[in-house]
Amino acid sequence: MEKKNSNATTEIAGRTYQASDYQKNDPLSSGLATTHEQVSDSYMEGDISSDNDSSEG
1 MEKKNSNATT EIAGRTYQAS DYQKNDPLSS GLATTHEQVS DSYMEGDISS DNDSSEG
């Protein structure tokens, strides 16, 4: 079985977020921009349910 688009698959798998993804309209760029925004928001918000009590042991 011959693999089609193996180069395209490798290119997509190796793709990372770029700031210019916010201005692009293709599905990959849009998805990366959305995911980046969600991760950034979660990171800045922090985890309020954390149970890290440094006074214990």
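Each step along the sequence shown adds one to the number in full-length UniProt numbering, with nothing skipped, and position 49 is 49.
Backbone N, C-alpha and C fix where the C-beta goes; we use that ideal spot for every residue, glycine too.
Looking only at its own chain, which residues have a Cβ that is under 7 Å from the Cβ of H36, when we skip the five neighbours before and after it?
Y17
Nearest candidate by alpha-carbon position, reference A19, set G31, S42 and T9:
G31
Do you know offhand how far I12's Cα is from G46's?
30 Å
Does DSSP put G31 in a helix, a strand or coil?
helix
Residue environment, D21, which counts as buried when at least 16 other CB atoms sit within 10 Å:
buried
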